[in-house]
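Numbering (the numbering used here), first residue to last: 819 to 1422.
Just so you know, even glycine gets a beta-carbon here, dropped at the ideal spot from N, CA and C.
Contents: one structure, followed by commentary.
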Ligand code: ADP
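Structure follows, in structure tokens:
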């Protein structure tokens, strides 16, 4: 699938050229053309022509000290210098010439009209035509002369088009979309029984999970044209333009049916219409047009609309009702198996060593999206090239996970000895608290090599397989683990450092969610005190309770974190010797794996 766009010059550029040509014409060409008519001759020629009665009109310009005259047929203008000639008037009289005041203007009125009026218009029209042709050629890009034309990119089917096999994992989404493909292949099967296809399908999920890819794959599998446009491209500077773009898009789509129209980031136009003063008129008009268009085309026309968004909750209910986007396909972050499959799909493009363990990489990259996994593979390939190797190895992949998650190693960031010690204790503090609570290896690996993301140390958690529910105890343990780093610093150095800021943020967020969303505090029972706004974009929550309750929530959150902090301190105190031992190991080696960690911990 390919799409080529030429860089375009702004319209003002063309207007500038036209203006410049006209100015040059007026200042240079006009006087030159006018001047060109006049021929210089000597006084003798003038006298001769007068004598032979060959003169037409004569204008004596005293001030310029010259004489302008024409021949008998007025087809040519001549000029000559004045001589002291007392008989001049008599001579002219005898020659039968006419005395005239404005010889040049009268010389050829038709020519001067042509020069001053017709020629500029001709030039203007010619340049206009040329510009129009250029724009026609470039059609498809944003263009001020193409107001209201949708600039949807059409992906024409090609042999390298994306298919379902290129999208790994996401089996439920694929199953759901397979029906659409089947319908596009075989509409009669559905029509016979009276079933109608959904008009619109909404793909929802976090960024980078393959929504765009899935939409392209549907088009690829069904072998139909694919129109793609981003929601924000509808919103123009001028009110009404977005609406006319929607109209145009649907017109094109109906002409090309069966086809797929894909609107990415539909929340840009599909936000709830809240009727607030100062609301975005343009967006609302565009949305209204979209709603009308979706109602307008009959079922089974073969135009299927796919749209993607990360913020389904912000969409206007009119858009998501049955009859418009009546089907919602969740495209979630991949699970362990999905991650492994995605890694394998992308690994096909690169040369790999035989010993790659994709399962391990997938476990290490817990929580990564498809886009991140693709990036991990690419980073590994780049690393292999950098090191002058011809194959990508397991360690390239492991290192690139850390690069994608925590940034590159900071080669020349030298921690002081004291700092390194603090970081080692901090990281081991987390891991030890976690290990003692669950009695299993809590980490894949800990390193205390500074990273470009700003992290001084880095702990790679173990992914315990797919986990859909968490108990209150597990959540509390997690908070205790998060406070473990600071607890270790307090225990050993009797002071606090800034290194725990991220832990504090996460622990607070968890504790708050336990109180306000999960109903895990006795006082509030099962009352929702917060609503989550952006489920797929970080999950910001807004409070929905009175000021008094807020104060109480804050108290409970503090108490919860404090209790877990104390628990962590107690665990570390009881295992002080192990803490020292492992921290010393990490301090010396800078990296410790999960197995080494457990080995030291379990030594008698
Ligand atoms: P979204 O539209 O959900 O933000 P995209 O579809 O644009 O994400 O995906 C971005 C990139 O991530 C793709 O080009 C692809 O390389 C990779 N990717 C994401 N999900 C998958 C998947 N399930 N299988 C293979 N590659 C994927």
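Legend entry - Touching by the beta-carbon criterion (3+ pairs, under 8 Å), the stretch 1188-1203 and the stretch 1023-1043: The count of Cβ pairs closer than 8 Å, one atom from the stretch 1188-1203 and one from the stretch 1023-1043, reaches three, so the stretches are in contact.
Legend entry - Contacting residues, own chain, Cβ-Cβ under 8 Å from residue 916 (five flanking each side not counted): The count along the chain shown starts at 1 and reaches residue 916 at position 98. Cβ within range, chain order: 874, 875 and 876.
Inset, instruction - Following the continuous alpha helix (DSSP H) through residue 1243, name the residue where it begins and the one where it ends. - result: The residue given as residue 1243 occupies position 425 in the chain shown. Looking at the DSSP string, the run of the alpha helix (DSSP H) that includes residue 1243 is 1235-1256.
Legend entry - Under 8 Å between C-beta atoms of residue 1079 and residue 1121: Taking the chain shown and counting its residues from 1, the one referred to as residue 1079 is at position 261. Taking the chain shown and counting its residues from 1, the one referred to as residue 1121 is at position 303. The answer is yes: Cβ separation under 8 Å.
Legend entry - Per-residue burial, residue 1387 [other beta carbons within 10 Å of its own, 16 or more giving buried]: Taking the chain shown and counting its residues from 1, one reaches residue 1387 at position 569. Classification of residue 1387: buried, given that the 10 Å Cβ count is 16 or more.
Legend entry - Neighbourhood of residue 889 by C-beta, 8 Å cutoff - its chain only, sequence neighbours within 5 removed: Residue mapping note: residue 889 aligns to position 71 of the chain shown, counting from 1. Closer than 8 Å at the Cβ level, and outside the excluded window around residue 889, lie 867, 872, 873, 874 and 896.
Inset, instruction - Classify residue 1174 as helix, strand or coil using the three-state DSSP reduction. - result: Your numbering for residue 1174 matches position 356 in the chain shown. DSSP places residue 1174 in coil when its eight states are reduced to three.
Inset, instruction - Please work out which residues of its chain come closer than 6 Å, Cβ to Cβ, to residue 1126, disregarding the five sequence neighbours upstream and downstream, and give them in chain order. - result: Walking along the chain shown from the start, residue 1126 turns up at place 308. Only 1021, 1029 and 1082 meet the Cβ criterion.
Legend entry - Endpoints, alpha helix (DSSP H) assigned at residue 1165: For the purposes of this step, residue 1165 is identified with residue 347 of the chain shown, where counting begins at 1. That run of the alpha helix (DSSP H) goes 1154-1165.
Legend entry - Residues that DSSP places opposite residue 1082 in a beta bridge: Residue 1082 sits at position 264 when you count from the first residue of the chain shown. Paired residue(s): 1048.
Inset, instruction - Closer than 6 Å by C-beta to residue 945: which residues in its own chain qualify, once you throw out the five before and the five after it? Chain order, please. - result: Sequence index remark: in the chain shown, residue 945 carries index 127 (1-based). Answer for residue 945: 836, listed in chain order.
Inset, instruction - Could you tell me whether the stretch 1153-1173 touches the stretch 1201-1217, using the rule of 3 or more Cβ pairs below 8 Å? - result: yes
Inset, instruction - Pull up the DSSP beta-bridge partners for residue 1332, would you. - result: Numbered from 1 along the chain shown, position 514 holds the residue referred to as residue 1332. Residue 1332 is not bridged to any residue.
Legend entry - Status (buried if at least 16 other CB within 10 Å, exposed otherwise) for residue 838: On the chain shown, position 20 is the one that residue 838 refers to. Per the 10 Å Cβ criterion, exposed.
Inset, instruction - Tell me whether residue 931 is buried or exposed, calling it buried when 16 or more other Cβ atoms sit within 10 Å of its Cβ. - result: Within the chain shown, residue 931 is the residue found at index 113, counting from 1. Residue 931 should be labelled exposed.
Legend entry - Three-way DSSP call (helix, strand, coil) for residue 1317 in this model: To locate residue 1317, count along the chain shown from 1; it is residue 499. In this structure, residue 1317 counts as helix in the three-state DSSP scheme.
Inset, instruction - Indicate, with yes or no, if the ligand ADP has a heavy atom lying under 7 Å from the CB of residue 1026. - result: Counting from one through the chain shown, the residue named residue 1026 turns up at place 208. At least one heavy atom of the ligand ADP is nearer than 7 Å to the Cβ of residue 1026, so yes.
Inset, instruction - Tell me whether residue 1401 is buried or exposed, calling it buried when 16 or more other Cβ atoms sit within 10 Å of its Cβ. - result: To locate residue 1401, count along the chain shown from 1; it is residue 583. Burial call: buried.
Inset, instruction - Count the other CB atoms, across all protein chains shown, that sit within 10 Å of the CB of residue 1349; report buried if there are 16 or more and exposed otherwise. - result: Within the chain shown, numbered from 1, the residue matching residue 1349 stands at position 531. Label assigned to residue 1349: exposed.
Inset, instruction - For residue 1245, collect the residues of the same chain with a Cβ closer than 6 Å to its Cβ; drop the 5 residues on either side in sequence, then sort them by chain order. - result: By one-based count along the chain shown, residue 1245 stands at place 427. Excluding residues within five positions, the ones whose Cβ falls inside 6 Å are 1264, 1275 and 1277.
Legend entry - Cβ contact (3+ pairs, closer than 8 Å) linking the stretch 999-1016 and the stretch 1196-1211: no
Inset, instruction - Report the three-state DSSP secondary structure of residue 889 (helix, strand or coil). - result: The residue labelled residue 889 in the question sits at position 71 within the chain shown. Here residue 889 sits in strand by DSSP.
Inset, instruction - May I have the straight-line CA-CA distance separating residue 1289 from residue 1100, to the nearest angstrom? - result: Your numbering for residue 1289 matches position 471 in the chain shown. Your numbering for residue 1100 matches position 282 in the chain shown. Looking at the two C-alpha atoms, the distance is approximately 47 Å.
Inset, instruction - Mark residue 901 as exposed unless 16 or more other C-beta atoms lie within 10 angstroms of its C-beta, in which case mark it buried. - result: On the chain shown, residue 901 is found 83 positions in, with the first residue counted as 1. Answer is exposed; the Cβ neighbour count stays below 16.
Inset, instruction - Label residue 1312 either buried or exposed according to how many other C-beta atoms from any shown protein chain fall within 10 Å of its C-beta, with 16 as the threshold for buried. - result: On the chain shown, position 494 is the one that residue 1312 refers to. Counting Cβ neighbours within 10 Å, residue 1312 comes out exposed, since fewer than 16 surround it.
Legend entry - Cβ pair residue 778, residue 1314 closer than 8 Å: Residue 778 falls outside the range modelled here, since the chain spans only 819 to 1422, and no answer is possible.
Legend entry - Secondary structure of residue 832, DSSP reduced to three states: Translated into positions along the chain shown, residue 832 becomes position 14. In the structure shown, residue 832 sits in a helix (DSSP, three-state: H, G or I).
Legend entry - C-beta atoms of residue 1151 and residue 1185 nearer than 8 Å: Counting from one through the chain shown, the residue named residue 1151 turns up at place 333. Counting from one through the chain shown, the residue named residue 1185 turns up at place 367. In this structure, residue 1185 lies closer than 8 Å to residue 1151 by Cβ.
Inset, instruction - Could you name the residues that DSSP lists as bridge partners for residue 1020? - result: Here residue 1020 refers to the residue found at position 202 of the chain shown. 1125 and 1146, per the DSSP bridge assignment.
Inset, instruction - Evaluate the contact criterion for the stretch 1197-1205 versus the stretch 1231-1241: three or more CB pairs, one atom per stretch, below 8 Å. - result: no
Inset, instruction - Give a single yes or no on whether residue 1149 has its beta carbon closer than 7 Å to a heavy atom of the ligand ADP. - result: Within the chain shown, numbered from 1, the residue matching residue 1149 stands at position 331. Yes; taking the cut-off as 7 Å, the Cβ of residue 1149 has a heavy atom of the ligand ADP nearer than that.
Legend entry - Whole-Å CB distance - residue 1156 paired with residue 988, under 8 Å assumed: Translated into positions along the chain shown, residue 1156 becomes position 338. Translated into positions along the chain shown, residue 988 becomes position 170. The pair is a contact, with the Cβ atoms about 7 Å apart (cut-off 8 Å).
Inset, instruction - Kindly indicate the opening and closing residues of the beta strand (DSSP E) around residue 876. - result: The count along the chain shown starts at 1 and reaches residue 876 at position 58. Here the beta strand (DSSP E) through residue 876 covers 873-879.
Inset, instruction - Quick one: residues in its chain with C-beta nearer than 8 Å to the C-beta of residue 843, no 5 flanking neighbours on either side, listed in chain order? - result: Within the chain shown, numbered from 1, the residue matching residue 843 stands at position 25. In its chain, beyond the 5 residues on either side, 937, 938 and 941 have a beta carbon closer than 8 Å to the beta carbon of residue 843.
Legend entry - Buried versus exposed call for residue 831 [16 or more other C-beta atoms within 10 Å across all chains shown]: Position 13 of the chain shown holds residue 831. The residue is exposed, with fewer than 16 neighbouring Cβ atoms inside 10 Å.
Inset, instruction - Kindly indicate which residue of 1332, 1018 and 1266 has the alpha-carbon position closest to the one of residue 1235. - result: Here residue 1235 refers to the residue found at position 417 when the chain shown is read from its first residue. The option with the nearest alpha carbon to residue 1235 is 1266.
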